[in-house]
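Undergrad:
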Amino acid sequence: MGKRLALNVALDSFEEMCLRGVRDKIKSLNQEFQDTHDSKERTRLSGIIKEFRQFETYLIADIRGLMEQKTYPTNEEVIDVFVKCIKDAEGLKDYIRDNRSFGELIIDTLKNIANFFIKLLTIGNTPCFFDTTTTTVARVQEAAAVIATKLDEAVALIDTILNEEEGERVHIQANA
8 MGKRLALNVA LDSFEEMCLR GVRDKIKSLN QEFQDTHDSK ERTRLSGIIK
58 EFRQFETYLI ADIRGLMEQK TYPTNEEVID VFVKCIKDAE GLKDYIRDNR
108 SFGELIIDTL KNIANFFIKL LTIGNTPCFF DTTTTTVARV QEAAAVIATK
158 LDEAVALIDT ILNEEEGERV HIQANA
């Protein structure tokens, strides 16, 4: 029961977070639609709004379907829901090429949350199912770690050389 409750709370939070972003985008697109007088632009915006609403509907149906199951969902069922959500988001991203950053944000968020849930459900025994997005901060941290490792190796080498020289001096003084 506790595992089921934890999954439902996590899925509910996931749904709320994703839907908030989608609904905010729909709201801004509706405002842009109302402010535009060009018929081609209005048609384009209308199509984008329709796609966002369809994505919102799919997202709600998929997540709530998983939450309302009588039995505890298997790892595969949870993965399938996230894969479907990600595919829907990728389709949405392709549809709105001029607004890629928002679509990519949705996809990256879904992938990271999916990885979290997969690890949660498998108690950390499963590696990440989806590739995580490497951020600039992560790249800088990796580079800093490599530099720190190289510096540690250099310091160790210098210590070794100094210890060898000290040993040779002691040996020379003992022989003198």
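In terms of this note's numbering, the sequence shown opens at residue 8 and continues consecutively.
Idealized CB from N, CA, C, for every residue including glycine.
Which class does E75 belong to by DSSP, given the choice of helix, strand or coil?
TA: DSSP places E75 outside both helix and strand once states are collapsed to three, so it counts as coil.
Undergrad: Report the rounded CA-to-CA distance for E84 versus F59, giving the unit in angstroms.
TA: 24 Å
Undergrad: Taking L26 as the reference, give the member of L164, Y65, N119 and A121 with the closest Cα.
TA: Y65
Undergrad: Contact defined as beta carbons within less than 8 Å: I believe L36 pairs with I67. What is the distance between those atoms, to the nearest angstrom?
TA: For a cut-off of 8 Å, the C-beta gap from L36 to I67 is around 19 Å, too long to register as a contact.
Undergrad: Put T43 into one of helix, strand or coil per three-state DSSP.
TA: coil
Undergrad: Per DSSP, what kind of secondary structure is M8 in: helix, strand or coil?
TA: Confidence in M8 is poor, its pLDDT being 47 and thus under 50, which makes the residue's placement unreliable; the coordinate value appears in the next sentence. It is coil, neither helix nor strand.
Undergrad: Is the beta carbon of V29 closer than 7 Å to that of E4?
TA: The question about residue 4 has no answer, for the chain in this structure spans 8 to 183.
Undergrad: So is I120 buried or exposed if we call it buried at 16+ other beta carbons inside 10 Å?
TA: buried
Undergrad: If I measure Cβ to Cβ from L169 and keep anything under 6 Å in the same chain, skipping five residues before and after, which residues do I get?
TA: Around L169: no qualifying Cβ.
Undergrad: Look at the Cβ atom of T43, then the Cβ atom of R51, and state whether they are nearer than 7 Å.
TA: Cβ atoms of T43 and R51: not closer than 7 Å.
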